[in-house]
Amino acid sequence: MFETEIVTVDPQAFDPKALAKAATILRRGGLVAFPTETVYGLGAVIYNRASVENIFTVKGRPGDNPLIVHIYKQEQLAEIALAVPEQALILAQRFWPGPLTMILPKKERIPAEVSAGLPTVAIRLPSHPVAQELLRQTDQPVAAPSANLSGRPSPTRGSHVITDLSGKIEMIIDAGPTGVGVESTVLDLTSTRPRILRPGGVTHEMLEAVLGAGTVDTPSQINISRPLAPGMKYRHYAPEAPLRLLTGEVEPVRRFLRETVHRQQQAGKRMGIIAYDEDQVAFPSTAEVSFFSLGQRTNPAEGAERLFHVLRLCDQVGVDEILAVAPPRQEVGEAVYNRLFKAAGGKVEEIT
Ligand code: AMP
Ligand code: MG
Numbered sequence: 001m002f003e004t005e006i007v008t009v010d011p012q013a014f015d016p017k018a019l020a021k022a023a024t025i026l027r028r029g030g031l032v033a034f035p036t037e038t039v040y041g042l043g044a045v046i047y048n049r050a051s052v053e054n055i056f057t058v059k060g061r062p063g064d065n066p067l068i069v070h071i072y073k074q075e076q077l078a079e080i081a082l083a084v085p086e087q088a089l090i091l092a093q094r095f096w097p098g099p100l101t102m103i104l105p106k107k108e109r110i111p112a113e114v115s116a117g118l119p120t121v122a123i124r125l126p127s128h129p130v131a132q133e134l135l136r137q138t139d140q141p142v143a144a145p146s147a148n149l150s151g152r153p154s155p156t157r158g159s160h161v162i163t164d165l166s167g168k169i170e171m172i173i174d175a176g177p178t179g180v181g182v183e184s185t186v187l188d189l190t191s192t193r194p195r196i197l198r199p200g201g202v203t204h205e206m207l208e209a210v211l212g213a214g215t216v217d218t219p220s221q222i223n224i225s226r227p228l229a230p231g232m233k234y235r236h237y238a239p240e241a242p243l244r245l246l247t248g249e250v251e252p253v254r255r256f257l258r259e260t261v262h263r264q265q266q267a268g269k270r271m272g273i274i275a276y277d278e279d280q281v282a283f284p285s286t287a288e289v290s291f292f293s294l295g296q297r298t299n300p301a302e303g304a305e306r307l308f309h310v311l312r313l314c315d316q317v318g319v320d321e322i323l324a325v326a327p328p329r330q331e332v333g334e335a336v337y338n339r340l341f342k343a344a345g346g347k348v349e350e351i352t
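Mapping of the sequence shown onto the working numbering: residues 1 to 352, in sequence order.
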């Protein structure tokens with residue numbers, strides 16, 4: 001058990017000295033949770049094998065799910081990757097700092113704990129000012145998965161990290177909501193064609209706009225007999241209550257929501273709904289439903305920012321079952337769809 005120190009910083013205006021202790025903790029082998037523009041990360045210096053192992057212990061993360069290495073300047077790439085292909089340099093130029101993780105062949109010096117024994121390593125340069133300053137002061141690459149308990153919705157607020165990891169790590173840096181709200185795009189650059197292993201803030205369209213139309217494979221084009229991102233095979237991002245993901249035209253889905261909520265309530269179940277502002281009309285004001293909005297359907301970024309917070313709110317309210325309306329699979333909506341699909345245990349129901 002730790003007395004976890006909680007440091008609150010304003011990401012727009014903070015004194016770099018506020019992060020000095022966090023950098024010291026990391027350098028001497030401790031664990032620090034810190035904000036990034038995607039979700040909060042749980043960091044350890046990559047060369048400290050014991051602290052990297054501790055990340056897995058604290059999160060309850062399966063040992064075969066590798067970590068993302070965080071850097072603050074592009075020059076650190078050469079320290080970590082065995083080879084940096086031209087495409088990686090072009091993408092780094094365009095999307096770093098930002099929510100793009102690239103998989104490259106790893107140098108031998110990168111401990112096997114970081115890459116879960118794989119010959120490759122995931123690398124990202126985050127844009128969040130607090131993450132950048134912390135990495136700069138630490139001046140060592142930092143391995144950081146999401147700062148939640150494995151399987152739970154990812155943390156997009158300091159309070160989410162405190163709920164999951166308080167008493168288990170040395171320090172939590174709370175800088176408020178993260179911004180993008182879903183984890184980084186994971187792009188594998190170690191096979192013949194670049195392929196997206198996990199959709200995120202940098203979309204397929206954005207990648208092809210840089211690398212050329214038809215050059216980047218998406219998860220649906222990949223035959224997942226063996227999971228490519230080891231994380232793909234686990235139930236993920238899940239609230240405690242079972243979640244059903246619903247797809248279809250707006251009106252039939254609304255009717256289905258209304259009827260199902262009514263029926264389940266009669267059976268004594270507390271229902272949670274995850275949908276859009278406009279869908280609230282589906283429920284008479286007398287109906288006792290926990291309605292959580294992902295904002296406006298036409299604004300995928302808003303849905304991404306709210307998603308994990310809303311999943312955690314479902315837990316707080318203590319609903320028995322969640323019905324979630326699938327987002328339009330455009331822009332970052334693809335990543336939101338992907339997370340909801342996993343939260344639903346890899347199922348989606350077509351409503352007609
Ligand atoms: P997290 O940090 O919890 O958001 O998870 C990191 C994601 O990156 C997981 O889906 C991992 O499986 C994936 N990942 C990390 N390193 C590699 C790698 N070397 N090859 C494939 N996927 C990776
Ligand atoms: Mg995670």
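Backbone N, C-alpha and C fix where the C-beta goes; we use that ideal spot for every residue, glycine too. Treat the numbers as computed from the prediction; the structure is a model and nothing was measured.
Item to check | Nearest to R254 (by Cα), restricted to the options L207, L323, P66 | outcome: Position 254 of the sequence shown holds residue 254. Its Cα nearest to that of R254, the residue L323 stands out among L207, L323, P66.
Next on the checklist: Mapping the DSSP letters down to three states, classify H70 as helix, strand or coil.
Outcome noted: Here residue 70 refers to the residue found at position 70 of the sequence shown. H70 carries a strand assignment under DSSP once its states are collapsed to helix, strand and coil.
Next on the checklist: If contact is defined by three or more beta carbon pairs under 8 angstroms, each pair taking one atom from either stretch, is the stretch 127-134 in contact with the stretch 148-156?
Outcome noted: Segments in contact, no.
Item to check | Whole-angstrom C-beta distance between H70 and P145, which should lie under 8 angstroms | outcome: Taking the sequence shown and counting its residues from 1, one reaches residue 145 at position 145. Taking the sequence shown and counting its residues from 1, one reaches residue 70 at position 70. Not confirmed; about 10 angstroms, so no contact.
Checklist entry - Which residues bound the beta strand (DSSP E) around T120? => result Residue 120 sits at position 120 when you count from the first residue of the sequence shown. That run of the beta strand (DSSP E) goes 120-124.
Checklist entry - What residue range is occupied by the uninterrupted alpha helix (DSSP H) comprising P252? => result The sequence position of residue 252 within the sequence shown is 252, counting from 1. Where P252 is concerned, the enclosing alpha helix (DSSP H) starts and stops at 250-266.
Checklist entry - Quick one: is L365 buried, meaning 16 or more other Cβ sit within 10 Å of its Cβ, or exposed? => result Past the boundaries of the shown model lies residue 365; the chain is included only from 1 to 352, so the question cannot be answered.
Checklist entry - Does DSSP put I46 in a helix, a strand or coil? => result For this step, residue 46 is matched to residue 46 along the sequence shown. Annotated three-state conformation of I46 is coil, per DSSP.
Next on the checklist: As a quick exercise: from F308, P327, D174, pick the residue whose alpha carbon is nearest that of A238.
Outcome noted: Taking the first residue of the sequence shown as 1, we reach residue 238 at position 238. Nearest Cα to A238 within the set F308, P327, D174: F308.
Next on the checklist: Can you determine whether any heavy atom of ligand 2 sits closer than 7 angstroms to the C-beta of S146, and answer yes or no?
Outcome noted: In the sequence shown, the residue the question calls residue 146 occupies position 146. In this structure, ligand 2 has a non-hydrogen atom nearer than 7 angstroms to the beta-carbon of S146.
Next on the checklist: Short of 7 angstroms in beta carbon distance, which residues of its chain neighbour D277, apart from the five on each side in sequence? Order them along the chain.
Outcome noted: Within the sequence shown, the letter at position 277 stands for residue 277. Within the same chain, D277 has close Cβ partners S293, G295, Q296.
Next on the checklist: Measuring only the C-alpha atoms, how far is E75 from I103?
Outcome noted: For the purposes of this step, residue 75 is taken as the residue at position 75 of the sequence shown. For the purposes of this step, residue 103 is taken as the residue at position 103 of the sequence shown. Straight-line spacing of the CA atoms in E75 and I103 works out to 16 angstroms.
Checklist entry - What three-state label does DSSP hand P62 in the structure shown? => result Taking the sequence shown and counting its residues from 1, one reaches residue 62 at position 62. Three-state result, P62: coil.
Item to check | Reference V310; option with closest CA among P177, I80, L19 | outcome: The sequence position of residue 310 within the sequence shown is 310, counting from 1. A check of alpha carbon separations from V310 across P177, I80, L19 identifies P177 as the nearest.
Checklist entry - Got a sec? Which residues, its chain only, sit under 6 angstroms from T247 by beta carbon, not counting five neighbours each side? => result As a working note, residue 247 is residue 247 in the sequence shown. The residues are A326, V348, E350.
Next on the checklist: Taking DSSP's pairing of strands, which residues face K106 in a bridge?
Outcome noted: Against the sequence shown, residue 106 aligns to sequence position 106. Beta bridge pairing from DSSP links K106 with A81.
Item to check | DSSP state of F41 mapped onto helix, strand, coil | outcome: For the purposes of this step, residue 41 is taken as the residue at position 41 of the sequence shown. Looking at the sequence provided, one finds Gly at residue 41 rather than Phe. Correct three-state label for G41: strand.
Item to check | M1 (DSSP reduced to helix, strand or coil) | outcome: Position 1 of the sequence shown, counting from 1, holds the residue named residue 1. Reduced to three states, the DSSP call for M1 is coil.
Item to check | V216 and E37 closer than 8 angstroms at C-beta | outcome: Within the sequence shown, the letter at position 216 stands for residue 216. Within the sequence shown, the letter at position 37 stands for residue 37. Contact flag unset, no.
Checklist entry - Within the chosen definition, does the stretch 103-119 reach the stretch 165-173 through at least 3 CB pairs nearer than 8 angstroms? => result Flag = no, the stretch 103-119 and the stretch 165-173 do not touch.
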